[in-house]
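The structure appears below as structure tokens.
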Amino acid sequence: MNKREYMFSILDFVLVLFLIATVDAMVPGGGGFDENYNVTWGNVLKLNQGKEVQLFMDKTEGSAFESKHKFGSGFFQMRIKLPLKDSAGVVTAFYLTSKGDTHDELDFEFLGNREGKQILIQTNVFTNGQGNREQKFVLWFDPSTDFHTYGILWNPYQIVFYVDKTPIRIFKNNRRYGVGYPSKPMTLVCSLWNGEGWATDGGKAKINWSYAPFKANFQTFSDSGCHADGQKINAKVCGSTTYWWNTVQYSRLSANETTAFKNVRAKYVTYDYCSDRPRYPVPPTECRLNQ
Ligand SMILES: *[C@@H]1O[C@H](CO)[C@@H](O)[C@H](O)[C@H]1NC(C)=O
Ligand SMILES: *[C@@H]1O[C@H](CO)[C@@H](O)[C@H](O)[C@H]1NC(C)=O
Ligand SMILES: *[C@@H]1O[C@H](CO)[C@@H](O)[C@H](O)[C@H]1NC(C)=O
């Protein structure tokens, strides 16, 4: 090798390293915690070179992390393992929020429970500061013993809450019928906090601190959302089908998803604001349209 060839082979080598690094960063599910998230509250332990984090809650405080970017659409998935044993009063949350008084928000809240009793999932949808759209579910597995994937799809057509591959709740874009739909840039947040005032048995089951510190584990810190870091979402960009979650197959449930969805609705829903007549003598418009 003469000097010139030698230089080229070094350049090739550097190029190959660069390509490997780039491809690695583009792999779905790739991207470490530090790349995409900031710790915003309390004690967060990073495990496995940032492939997993653990949120802590003790008497002093809970903890949280949130995405560095804000989003305008996406399919947000997080693998979560909830606090073990007696977690009454402890809330683990995974949600998208635009923050502020007139916020849009999509919530997964896991309501801890006494040992031996089932953990409930509460979901909610806020548009322009208006929530009160709670739906609660029990699960067909124990979410404290293993990681499961919880997902929120948000595109111009629909919002779907997923547990593993199963859709459990749909909120369609019915803006043309006057139903609110999230339209502000939202941040992804995960937190572990003291919700004993309301979360378990309507606030009657308090935290048993002999089980503290409570710990919830999270994995998969990929960035599968359309970045919207300004004041507004650019609808043309974030609604574009160049993003896979905006393509036609994500505009409604597939046949097998519909079957799975109906099964969940029949067997695992424990509360639905749409059928709470004392609260809503006339069900909100979206209840009929989301059928
Ligand atoms: C995340 O943390 C970095 C480094 O501390 C900071 O520069 C950035 O503003 C933070 N981002 C958000 C959205 O808080
Ligand atoms: C529906 O089918 C798709 C494609 O075969 C599969 O990936 C998915 O897991 C199925 N969903 C359910 C809920 O069974
Ligand atoms: C809290 O848990 C401990 C350990 O299981 C138990 O001995 C105690 O009675 C519990 N306290 C309450 C208030 O339930």
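Mind the numbering: the sequence shown is residues -25 to -1, 1 to 266 in mature numbering (1 follows the signal peptide of the UniProt record, and there is no 0), read in order.
Virtual Cβ for every residue (Gly too), placed ideally from N, Cα, C.
Here the structure is a predicted model, which is why all the values come from computation and not from measurement.
First and last residue of the beta strand (DSSP E) that includes residue i?
i	result
residue 300	No answer is possible for residue 300: it lies beyond the span of the chain, which begins at -25 and ends at 266.
residue 82	80 to 86
Quick check: does the Cβ of residue i come within less than 7 Å of any heavy atom belonging to ligand 2?
i	result
residue 231	yes
residue 241	no
residue 237	no
Let me know if residue i comes out buried or exposed under the rule of 16 or more other beta-carbons within 10 Å of its beta-carbon.
i	result
residue 227	exposed
residue 159	buried
residue 266	exposed
residue 105	exposed
residue -9	Because the pLDDT of residue -9 is 41, which lies under 50, any placement of that residue in the model is unreliable, and the number read from its coordinates should be weighed accordingly. With fewer than 16 Cβ atoms within 10 Å of its Cβ, residue -9 is classed as exposed.
residue -5	With a pLDDT of 41 at residue -5, under the threshold of 50, the modelled position of this residue cannot be trusted; read the value that follows with caution. It is exposed - the Cβ of residue -5 has fewer than 16 other Cβ atoms within 10 Å.
residue 115	exposed
residue 224	exposed
residue 2	Reliability fails at residue 2, whose pLDDT of 37 lies under 50, so the model's placement of it is uncertain and the value that follows must be treated cautiously. When all chains shown are included, residue 2 counts as exposed.
residue 255	exposed
residue 246	exposed
residue 118	buried
residue -20	Confidence at residue -20 is low in this model, with a pLDDT of 48, below 50, so its placement is unreliable and the value that follows should be read with caution. Exposed, because fewer than 16 other Cβ atoms sit within 10 Å of the Cβ of residue -20.
residue 204	exposed
residue 261	buried
residue -3	Residue confidence for residue -3 is low, a pLDDT of 36 falling below 50, so the modelled location carries little weight; the figure read from the coordinates is stated next. The residue is exposed, with fewer than 16 neighbouring Cβ atoms inside 10 Å.
residue 157	buried
Determine, using beta carbons only, whether residue i and residue j come nearer to each other than 8 Å.
i	j	result
residue 127	residue 111	no
residue 51	residue 142	no
residue 46	residue 196	no
residue 41	residue 77	no
residue 134	residue 81	yes
residue 191	residue 56	yes
residue 271	residue 214	Outside the modelled stretch of the chain, which goes from -25 to 266, sits residue 271, for which no answer is possible.
residue 218	residue 109	no
residue 317	residue 186	The chain is shown from -25 up to 266; residue 317 falls before or after that span and cannot be answered.
residue 122	residue 194	yes
Since residue i sits in a beta bridge, which residues does DSSP pair it with?
i	result
residue 169	65
residue 134	129 and 146
residue 191	30
residue 245	Partner(s): none; residue 245 has no beta bridge.
residue 124	54
residue 141	138
What residue range does the alpha helix (DSSP H) around residue i cover?
i	result
residue 239	230 to 242
residue 34	Residue 34 -> no alpha helix (DSSP H), and no H or E assigned at all.
residue 210	210 to 213
residue 260	260 to 264
Can you find a heavy atom of ligand 3 that lies under 7 Å from the Cβ of residue i?
i	result
residue 265	no
residue 169	no
residue 119	no
residue 185	yes
Say the cut is 7 Å; is the CB of residue i nearer than that to a heavy atom of ligand 1?
i	result
residue 11	no
residue 326	Because the chain spans -25 through 266 in this model, residue 326 falls outside it and cannot be assessed.
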